[in-house]
Amino acid sequence: MRLHISREGLRAGIAADPELPVEVGSLNSLSESLGMFVPHELVDEPPTHSEPVELRIAFGTLVGLLRRRMGLDIAELAARARVAEEEILEIENRVGLVAKPRTVHHLAGVFGLPAQTLLKLSGATITNDEKFKEAAVRFAAKSGDMSKLTKHEKEALHEYVKFLDSQADG
Amino acid sequence: MKEPVELVDLLNRNTQFFEEAQLYSGLDEKNLIDFETAWKPAFREKLDGATPEEAGRMNLQDAHWQWRDKFAVRDGQLWSRAFALEADELTQGLMFVDVSKFARLETQDRLHLVYVDFLSTAPWNRRGLAENPKYKGVGRIMIATAVSLSIEEGFRGRVGLHALPQSESWYRDICRMTDLGADASYQNLHYFEMTEEQANEFLNGN
Chain A
494 MRLHISREGL RAGIAADPEL PVEVGSLNSL SESLGMFVPH ELVDEPPTHS
544 EPVELRIAFG TLVGLLRRRM GLDIAELAAR ARVAEEEILE IENRVGLVAK
594 PRTVHHLAGV FGLPAQTLLK LSGATITNDE KFKEAAVRFA AKSGDMSKLT
644 KHEKEALHEY VKFLDSQADG
Chain B
544 MKEPVELVDL LNRNTQFFEE AQLYSGLDEK NLIDFETAWK PAFREKLDGA
594 TPEEAGRMNL QDAHWQWRDK FAVRDGQLWS RAFALEADEL TQGLMFVDVS
644 KFARLETQDR LHLVYVDFLS TAPWNRRGLA ENPKYKGVGR IMIATAVSLS
694 IEEGFRGRVG LHALPQSESW YRDICRMTDL GADASYQNLH YFEMTEEQAN
744 EFLNGN
């Protein structure tokens with residue numbers, strides 16, 4: 494076979510392309526092929542242990558606080574993240590829910606947070622980082638009433654977001 | 544059987560110069576070895592490791608053989624094609640396609656297309672995984688390859704694929720493929736298709 498595009502045409506396209514991921518393939522096949530850990534809901538057998546519920550509580554708390562900080566209601570966040578409103582509701586309110594990896598990726602984009610870090614926090618991927626887990630538990634404990642963002646919550650949120658950003662390469 | 548297709552160019556982000564790369568149809572042992580000895584360690588280094596017990600439960604320990612099995616299943620099959628992109632003596636990109644599938648877009652209903660099964664670029668080329676990602680262009684070259692194969696098979700450039708979440712923007716906004724939405728039968732990954740017209744635009748740089 495031959496390519497139906499010139500070498501010059503390809504170079505021009507490559508030079509102009511933005512820096513975006515291009516990977517294609519099922520989550521299972523890519524994960525299995527790479528020997529990566531597979532999100533719990535995609536494993537045939539249910540795991541005999543699970544990530545602490547506290548991590549997922551922290552994730553739901555974080556999503557709610559960041560949403561309120563951006564001045565968005567659930568419908569507006571769902572629209573920006575291109576996910577269903579019900580999913581946002583479940584993340585914020587349903588203790589122990591493991592969010593879908595795609596949803597976490599899109600929320601990371603909306604909030605400007607590293608996707609890999611958020612995947613760990615959401616329980617979609619597994620982490621053995623004890624410091625990470627402890628920070629999540631401390632953050633969740635500091636965040637109280639969700640009805641209004643207090644000065645204390647703002648400070649806690651600010652500090653935790655800084656921490657999550659610092660975890661981007663881990 | 545692995546055969547050279549054409550010489551192409553990858554952009555070295557560090558030098559900002561294009562470097563010659565060889566596109567191959569088919570894979571061989573070198574590509575499998577590069578994946579296992581260069582790609583996988585680089586991925587693992589970036590990810591939190593599971594404990595040995597967790598790895599056993601999640602079947603990570605024999606992932607090596609699973610990947611070789613997948614290649615073995617596809618190798619020699621009429622419906623399957625594999626492509627490799629090599630530069631600097633290493634495999635920089637891999638792609639498996641399936642030529643037996645049909646389009647889902649209403650306007651293209653039941654017409655044949657080239658379905659991209661798997662497309663991946665080496666970890667050292669990826670932002671977010673490498674501190675100074677090396678080569679840019681694997682994705683565009685591989686999609687141009689899929690489109691070209693589609694033309695040569697008589698499918699007029701039609702291509703279909705399920706994008707991983709982080710890649711949706713590339714296929715929707717840069718390749719300008721049609722997003723048919725989340726596919727509940729495929730892990731809710733978004734399914735994209737490229738029509739003949741979109742394929743012509745892609746190849747012509749529009």
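Here the protein sequences line up with chains A and B, keeping their order.
Here the first sequence stands for residues 494 to 663, where the numbers follow our numbering.
Here the second sequence stands for residues 544 to 749, where the numbers follow our numbering.
Cβ atoms here follow ideal geometry from the backbone N, Cα and C, with glycine treated the same way.
These numbers were taken from a predicted model, which means no experiment stands behind them.
Backbone secondary structure at residue i - three-state DSSP
i	result
Phe735 (chain B)	strand
His655 (chain B)	strand
Asp658 (chain A)	helix
Val543 (chain B)	The displayed coordinates of chain B run from 544 to 749. Any statement about residue 543 (chain B) would go beyond what the structure contains.
Asn557 (chain B)	coil
Pro547 (chain B)	strand
Val517 (chain A)	strand
Met685 (chain B)	helix
Ser623 (chain B)	strand
Thr643 (chain A)	coil
Leu648 (chain B)	coil
Asp577 (chain B)	helix
Chain A within 9 Å of residue i, Cβ atoms only
i	result
Phe561 (chain B)	yes
Trp622 (chain B)	no
Ala646 (chain B)	no
Glu739 (chain B)	no
Arg683 (chain B)	yes
Where residue i meets chain B, residues with beta-carbon distance less than 9 Å
i	result
Arg504 (chain A)	Val551, Asp552, Leu554, Phe561 and Gly680
Arg495 (chain A)	Val548, Glu549, Ser691 and Glu695
Under 8 Å from the C-beta of residue i: neighbouring residues of chain A
i	result
Leu547 (chain B)	Here residue 547 (chain B) turns out to be Pro, not Leu, going by the sequence shown. Per Cβ cutoff of 8 Å: no residues; Pro547 (chain B) is ~11 Å from chain A at best.
Val657 (chain B)	Those do not exist, as Val657 (chain B) stays about 11 Å from chain A at its closest Cβ, beyond 8 Å.
Trp713 (chain B)	Leu513, Pro514 and Val515
Residue burial classification, residue i (beta-carbon count within 10 angstroms, cutoff 16)
i	result
Glu632 (chain B)	exposed
Asp577 (chain B)	buried
Trp713 (chain B)	buried
Leu656 (chain B)	buried
Gly605 (chain A)	exposed
Phe698 (chain B)	buried
Residue i versus residue j: straight-line alpha-carbon distance, rounded
i	j	result
Ala633 (chain A)	Thr634 (chain B)	44 Å
Thr650 (chain B)	Pro584 (chain B)	44 Å
Glu788 (chain B)	Ala725 (chain B)	Chain B is shown only over 544 to 749; residue 788 (chain B) falls outside these bounds and no answer can be derived.
His497 (chain A)	Leu746 (chain B)	7 Å
Gln620 (chain B)	Val681 (chain B)	25 Å
Asn675 (chain B)	Glu501 (chain A)	25 Å
Asp571 (chain B)	Ala601 (chain A)	38 Å
Glu740 (chain B)	Ile550 (chain A)	47 Å
Ser659 (chain A)	Leu648 (chain B)	43 Å
Glu623 (chain A)	Leu650 (chain A)	20 Å
Glu695 (chain B)	Leu575 (chain B)	27 Å
Contact set between residue i and chain A, taken where Cβ atoms lie within less than 7 Å
i	result
Asn731 (chain B)	Lys593 and Arg595
Within-9 Å CB hit, residue i to chain B
i	result
Ile498 (chain A)	yes
Ile550 (chain A)	no
Closer than 9 Å to chain C by CB, residue i
i	result
Asn747 (chain B)	Structure shown: chain C not included; protein chains present are A and B.
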